[in-house]
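Under this note's numbering, the first residue of the sequence shown carries the number 19, and numbering increases by one thereafter. The beta-carbon is built from N, C-alpha and C at its ideal position, and this holds for glycine as well. Take a look at the structure set out below.
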Amino acid sequence: MRLPLNWLKEFVSIRLSPQKLAEVLTLAGSEVEKIESSPEVTGVIVGEVLEVNKHPNADRLKVCKVRLEPNKEPRTIVCGAPNVAVGQKVCVALPGTVLANGQELKRANIRGVDSEGMICAEDELGLGSNHAGIIVLDGSAEIGKPASKWLKKPETVFELDITPNRGDCLSIRGLARETAAITGAKLKIQKNNLKEAPEKNTLGIKIQDSKACPQYVARMIKDIKLQASPDYVQARLLACGMRPINAVVDATNYVMLELGQPLHAFDADKVKQITVRLAKPGEKIRTLDNQVRNLQINDILITDGKNPIAIAGVMGGAETEVGDSTVNLIIESARFDPVKIRITANRLGLRSEASNRFEKGIDPAVAVEAADRACELISAWCGGKVLKGRVIAGQKAAPKSKPIVLGLEYAEKILGVKVGVNLAKQKLSALDCKVLAVGKRLKVVPPSFRLDLSLPIDLVEE
């Protein structure tokens, strides 16, 4: 699990240094194997593009006039970015600046035109891998000032080894909860800003095997205009090891990383209804990687009532892929049998971020929230209208956690130290457990996301 600290700080107040936080998380069982820090941008200043002209000797290059100081002559800079335009505030590296790859920028004659600097893309400053276009700064950026003030903050990323029993830590919010429990820091409440249209969601959903799929939640969005996700989202996905694709797919991945619930988006115009069932002998599906997959009877399928449109929890089908022509969406947020997901993913060689989370166990209470969050982001980025209501098949609510009875004498015998009732209640309450004390016995109800807490010894460990 890769954890960008700036993202974590949106969920929990942290005052510890990255090194101290890494130490605390490691001691608590979530081992931080590596700490990566992006370089701070230095030696790059804000410029304003005054002119953009065709290069006389190269079709794909442009000759730009860029002002770097008020009331002074602009510099000539040759730029190949397709998005450069008059009026933009941009990041300019002058000769002598050392770029992220360690190369010192020098004056250059590019196809017969002297270039007095570079208008920078994010990869040239070590801020990401995007080289498709230059960075365009906010219009408030001041000419001649260090560009770092208007760039995204340098990011520190933890790489953690999450144990198989702690699937709840495979999300930003899960690690925020863990951080809060360990350090006493305060969790930040996330607001839901989803707005629904009057039109109702009437999608039909059937589940044929409730053990394979205990719950299936679907929301619908109409009239979107597909585009790229915001830069900060792409940067976070890249920091977490995921490739940005488009705003819809990025939103589903972003929510998975944020809340721990895998999601999938279908082109709604290619799906009239949804049936979840096990595969039949001899069935096949062409998946998103354009490979034809032979299915087996333990594979969980999402179908349109007849034909497979996705291998549940593993990979979607090519026929219902979200693409440039997509205007209407179905957003899937579901729970699937973790054993079947593991068997299918291993057999097909399709281990993914999603299958990994299903295998380790996801919070049974988060499916609805995750679907709402994805719709909130997609409608904000792509427009469209979110249809009123959710269609929920199977369990309408998460099953209640079973209470665990813990005797403090038992805990003290294992730990070798005295454990008072108040201290025990404090520690377990910090994990979001509900605790009722009767003498020296505690009745403890774990939160829905702590699937690893089922026995008294689990509570003693905590």
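Closest by C-alpha distance to residue i, when choosing among the options
{"i": "residue 268", "options": "392, 381, 347", "result": "392"}
{"i": "residue 132", "options": "352, 96, 388, 118", "result": "96"}
{"i": "residue 46", "options": "216, 199, 191", "result": "199"}
{"i": "residue 75", "options": "122, 128, 134", "result": "128"}
{"i": "residue 343", "options": "244, 272, 433", "result": "244"}
{"i": "residue 93", "options": "206, 354, 81", "result": "81"}
{"i": "residue 234", "options": "181, 321, 193, 399", "result": "321"}
{"i": "residue 202", "options": "43, 22, 255", "result": "43"}
{"i": "residue 137", "options": "207, 33, 364, 64", "result": "64"}
{"i": "residue 184", "options": "375, 478, 443, 257", "result": "375"}
{"i": "residue 239", "options": "478, 221, 246, 307", "result": "221"}
{"i": "residue 265", "options": "259, 251, 429", "result": "251"}
{"i": "residue 318", "options": "56, 122, 301, 380", "result": "301"}
{"i": "residue 460", "options": "309, 207, 447", "result": "447"}
{"i": "residue 175", "options": "247, 254, 125, 108", "result": "254"}
{"i": "residue 153", "options": "19, 168, 162", "result": "168"}
{"i": "residue 219", "options": "332, 159, 347, 192", "result": "347"}
{"i": "residue 362", "options": "408, 312, 209, 407", "result": "312"}
{"i": "residue 158", "options": "115, 107, 477, 35", "result": "107"}
{"i": "residue 331", "options": "325, 41, 272, 357", "result": "357"}
{"i": "residue 309", "options": "333, 170, 248, 316", "result": "333"}
{"i": "residue 109", "options": "407, 61, 120, 91", "result": "61"}
{"i": "residue 213", "options": "364, 282, 397", "result": "397"}
{"i": "residue 463", "options": "428, 424, 432, 479", "result": "424"}
{"i": "residue 468", "options": "451, 411, 261", "result": "451"}
{"i": "residue 411", "options": "256, 191, 135, 231", "result": "231"}
{"i": "residue 314", "options": "217, 303, 406", "result": "303"}
Beta bridge counterpart(s) of residue i as assigned by DSSP
{"i": "residue 233", "result": "353, 412"}
{"i": "residue 312", "result": "302"}
{"i": "residue 111", "result": "62, 136"}
{"i": "residue 347", "result": "239, 285"}
{"i": "residue 329", "result": "319, 333"}
{"i": "residue 515", "result": "Beyond the ends of the chain as shown, which are 19 and 480, falls residue 515; an answer cannot be given."}
{"i": "residue 392", "result": "Paired residues: none, contrary to the question."}
{"i": "residue 456", "result": "459"}
{"i": "residue 425", "result": "459"}
{"i": "residue 154", "result": "108"}
{"i": "residue 142", "result": "Its beta-bridge partners do not exist; DSSP assigns none."}
Close-in-space but distant-in-sequence residues of the same chain around residue i (CB under 6 Å, 5 per side omitted)
{"i": "residue 426", "result": "437, 458"}
{"i": "residue 149", "result": "139, 141"}
{"i": "residue 58", "result": "172"}
{"i": "residue 195", "result": "none"}
Three-state secondary structure (DSSP) of residue i
{"i": "residue 433", "result": "helix"}
{"i": "residue 4", "result": "Because the chain is modelled from 19 through 480, residue 4 falls outside the range shown and cannot be assessed."}
{"i": "residue 55", "result": "strand"}
{"i": "residue 184", "result": "coil"}
{"i": "residue 195", "result": "helix"}
{"i": "residue 122", "result": "strand"}
{"i": "residue 37", "result": "helix"}
{"i": "residue 376", "result": "helix"}
{"i": "residue 226", "result": "coil"}
{"i": "residue 7", "result": "The requested residue 7 does not occur in the structure, where the chain is confined to residues 19 to 480."}
{"i": "residue 216", "result": "strand"}
{"i": "residue 117", "result": "coil"}
{"i": "residue 27", "result": "coil"}
{"i": "residue 271", "result": "helix"}
{"i": "residue 167", "result": "helix"}
{"i": "residue 179", "result": "strand"}
{"i": "residue 207", "result": "coil"}
{"i": "residue 261", "result": "coil"}
{"i": "residue 445", "result": "helix"}
{"i": "residue 22", "result": "strand"}
{"i": "residue 477", "result": "helix"}
{"i": "residue 339", "result": "coil"}
{"i": "residue 67", "result": "strand"}
{"i": "residue 127", "result": "strand"}
{"i": "residue 81", "result": "strand"}
{"i": "residue 200", "result": "helix"}
Close beta carbons around residue i, own chain, < 7 Å, minus the five adjacent residues each side
{"i": "residue 384", "result": "277, 278, 279"}
{"i": "residue 229", "result": "355"}
{"i": "residue 360", "result": "377"}
{"i": "residue 327", "result": "284, 289, 320, 321, 335, 337, 338"}
{"i": "residue 466", "result": "381, 382, 383, 416, 419"}
{"i": "residue 226", "result": "293, 294, 295"}
{"i": "residue 271", "result": "255, 260"}
{"i": "residue 117", "result": "111, 123, 142"}
Contacts around residue i, its chain only, beta-carbon distance under 8 Å, and the 5 residues preceding and following it disregarded
{"i": "residue 33", "result": "203"}
{"i": "residue 78", "result": "98"}
{"i": "residue 188", "result": "19, 180, 278, 374, 375, 378"}
{"i": "residue 49", "result": "43, 178, 179"}
{"i": "residue 6", "result": "Residue 6 is absent from the model: the chain starts at 19 and stops at 480."}
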